[in-house]
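Residue numbers (this note's numbering): 37 to 477.
Note that the Cβ used here is the ideal one computed from N, Cα and C, for glycine as well.
Written out as structure tokens, the structure is:
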């Protein structure tokens, strides 16, 4: 598996493989695509504050626009997407297996169909982003940096006010419980903080390359500091854990970009392929040890142990797509409340893949993830800053996927795809100049 671009990829600096497609489109349509991209990216702060679920739709919205640009490109050069074929084939086989597994599960294949549709339309996103002018990339980079700082500050203020801003925008209705609505706001802000944590390597790289050195340091420290402070006030530490995984790999990416990308990519693949080890480790925890943990982590350890027990029942084929939603075996917490071992999903992407799709599906997922990371690495085109951003992102993805999200959450994969592809907004020495020359040729 190739973990690092060879310099002669789809995005290399020669006309045949150059993805600039402006010359293939009428100028009015090209300008319309740029305006469409600018409008939707300017709303990132809204997406995250509202719970980050809109990232799934953003991939579809921008992907549909990118498909408009992709069609004439394919007419001109049918080999344009050849480097992506191994990834697309593996992903297709994974979706087919997910749909097949629904046959022996309690739910239908709807989840697989929706993810497949998101992926199919999302093929247009890299075309749309890569083909924009350097001027637009620069302007949108500043928009993303400004909205990120504003976004983490607003979440901090909202949490500090007892979710006053969230409740002001969506007031408590007659008969609604205030505590329930505050809990709902806490959850929405928490997902937004997870999203900002995953986006942090990209944003820090943009700051390093687009701002003066002093301003970049101030902006970067402010971004991380405001995000962490907001997590403390929101009583949610998962985004901090994601940062603890992502930022060291981001830093390593500046010093040793090849090593960082290989390390983060291997971690992502192994987090799926070797996920049952998480259950084995959880099984070793004693009752005394778990009694000293926060209840959420006590629950996680019991959940992972239970999930591994269910994996052992059908290790090859799994229990079927979305089967974890139907598993209602439970236990009594230390405060005397009966709850199911699995709350909607196992809160570990790899374990959920093993539980529902078996070894076949889990290994397909690991392979698709590895090929996708290798493909994303081509976008770096040798740029240290881009490789650092990707390395931090993929390590953050591995950490977040191991402790918090479900395997089939549309917003999670939409966010990761967008964060990976937006690295093309980070200036790469020599890349943008050649793209601009080819576009004008």
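For residue 368: DSSP bridge partner residues: 374
In chain order, what are the residue ranges of uninterrupted alpha helix (DSSP H) at least 4 long that sit wholly in the segment 241-320? 249-270, 274-291, 293-309, 312-319
In chain order, what are the residue ranges of uninterrupted alpha helix (DSSP H) at least 4 long that sit wholly in the segment 400-426? none
The segment 284-304 touching the segment 204-221, judged by at least three CB pairs closer than 8 angstroms: no
The alpha helix (DSSP H) spanning residue 384 covers which residue range? No alpha helix (DSSP H) holds residue 384; DSSP gives it neither H nor E.
Contacting residues, own chain, Cβ-Cβ under 7 angstroms from residue 178 (five flanking each side not counted): 246
What separation, rounded to the nearest whole angstrom, lies between the Cα atoms of residue 321 and residue 367? 16 angstroms
Exposed unless 16 or more other CB atoms sit within 10 angstroms - verdict on residue 82: exposed
Taking residue 183 as the reference, give the member of 197, 164, 80, 402 with the closest Cα. 80
Identify every residue that forms a DSSP beta bridge with residue 379. 381
Could you check the C-alpha separation between residue 373 and residue 337 for me, to the nearest Å? 17 angstroms
Taking C-alpha atoms, which residue in 330, 210, 121, 227 lies nearest to residue 84? 227
Simplified DSSP assignment, three categories, for residue 197: coil
On the CB-based measure, 16 or more other CB atoms within 10 Å of its CB, does residue 64 come out buried or exposed? exposed
Cβ contact (3+ pairs, closer than 8 angstroms) linking the segment 228-240 and the segment 140-155: no
Can you tell me which of 161, 142, 100 puts its alpha carbon nearest to the alpha carbon of residue 458? 161
Can you tell me whether residue 452 is helix, strand or coil according to DSSP? helix
Residues in the same chain with beta-carbon distance under 8 angstroms from residue 356, minus the five sequence neighbours each way, listed in chain order, please. 137, 138, 139, 140, 141, 142, 143, 392
C-beta contact flag for residue 279 and residue 260 at 8 angstroms: yes
Going by Cα to Cα distance, which pick from 304, 291, 212, 221 is closest to residue 272? 221
Could you name the residues of the same chain whose beta carbon sits closer than 6 angstroms to that of residue 59, not counting the 5 residues immediately before and after it, in chain order? Low confidence applies to residue 59: its pLDDT is 49, below 50, so where it sits in the model is not reliable, and the reading given next is rough at best. Cβ within range, chain order: n/a, list empty.
Beta-carbon separation of residue 409 and residue 301 under 8 angstroms? yes
Does the distance from the CB of residue 264 to the CB of residue 276 come in under 8 angstroms? yes
Output needed for residue 242: all residues of its chain with C-beta closer than 7 angstroms, excluding positions within five of it in sequence on either side, in chain order. 177, 180, 181, 461, 462
In the DSSP assignment, the alpha helix (DSSP H) including residue 157 goes from what residue to what residue? 146-158
For residue 306, which option in 135, 434, 132 has the closest C-alpha, if you only look at C-alpha atoms? 434
Among residues of its own chain, excluding the 5 on either side of residue 343, which ones have a beta-carbon nearer than 7 angstroms to its beta-carbon? 315, 378, 382, 387, 391
Where does residue 194 land, buried or exposed, given buried means 16+ other C-beta within 10 angstroms? buried
Going by CA-CA distance only, name the one from 428, 159, 450 that's closest to residue 123. 159
Could you give the distance in angstroms between the alpha-carbon of residue 425 and the alpha-carbon of residue 212? 43 angstroms
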